[in-house]
Every structure is written in structure tokens, then in C-alpha cells.
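Residue numbers (the working numbering): 76 to 276.
Right under this line is the structure:
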């Protein structure tokens, strides 16, 4: 069965049913792989030997298709002396309109990048991995003085050294990158991250 990563606590997975006419059946959630507390124990409602089973997302559920895109729920069904073990596979689908501050933008602390003073002017310094968006506008919003000049970054996340190079800049300079992300069918979102450049002589 499929579920969007946008679904949160209380969302019911697609119900399924089974028959047990002579006994009071039980259904137990034995395990979840990979291990998680995102799924509640299954509930059953029966009428005339037909039982409807529902499994819902727990209060701790935070689905992220980039982190885990499939869960296996191992269940055990018992009707009298008849016992069956089986699995339900829950496929988590990505929401293309969901924007996350991931990677370098997920940490509250600065990330250190070591750059030699002898680096070629305009050379690639760092590649920023964008969190799955189709179009992004990235701006360098501030640079702590003294700064050797403007770094540049393009929409692909390629950060380049200043055009005049870094000679004589063997000192730390903080450069804050503001990643403003927008897509055609969603509201704009913004992530910010501090990078600390350490120039090596």
C-alpha cells in the first residue's frame, strides 16, 4: 500500500479484511522494519464473521521518503487454532512540493570548509547539495569582514572562490548562505546556514 510522506499522526492506512466465523480472532503487530514507532497496533471491527482491520500512524509519525521509503509491518493473524504470519509493505511516496532544510542546512552550527590560499580564482570551493527541489535561488547574504571579495554561488549549488583569489587571506571568514527555494505549485520556503571558511597558507 502507498502513503504520502505528508500524512501525519492518526492517518489510517488502507483497510483490509479477513474472515473468522467460529472464533474471536486476534491480530498482532509483531514488528516493523526498519524499526520505528510510527505505526499503532491494528484495530479490528467485525460483523457476521468478516473483520475489518485498520492500522493508523502513531503520534510520533514523521514520514520522510528520502530517509525511509518503505516499511514492512509483520503481522500475526489468529482464528482459533489457525495461525498465519504475513507482511504488509507500506511505500512512502515523496511529495514534490515538500521542502526541507537538509544536509548543511539542518545543523544549527556552522560547517567548516578548509580552502588553500593558493586556490585558483573562481575555482569550485564547495558543492551544496540541494534538498530535492527543481528550482532554487541561492544568495550569499552576508560576509564577515575582512573578506577577500565576493564568493559566487549558482542555482546548482556550486560555490566558487572570489575572482581575485584568496592570497593573503589566511584567516577565518564567516559566510552565511541563504537558500531560498521556490517551486511553481508551492509557496516559497527558505533555509539558512552559516559556513566558516578557514584559509590555509
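A virtual CB, placed ideally from N, CA and C, is assigned to each residue, including glycine.
| Check | Outcome |
| --- | --- |
| Through-space distance from residue 106 to residue 148, alpha-carbon basis | 6 Å |
| Beta carbon of residue 135 nearer than 8 Å to that of residue 112 | yes |
| Residue environment, residue 98, which counts as buried when at least 16 other CB atoms sit within 10 Å | exposed |
| Residue 129 beta carbon less than 8 Å from that of residue 84 | no |
| Nearest candidate by alpha-carbon position, reference residue 122, set 143, 103, 94 and 101 | 94 |
| Proximity test, Cβ basis, 8 Å: residue 92 and chain D | Absent from the structure is chain D; it holds one protein chain and no more. |
| Range of the contiguous beta strand (DSSP E) that encloses residue 91 | 91-94 |
| Straight-line Cα distance separating residue 88 from residue 80 | 12 Å |
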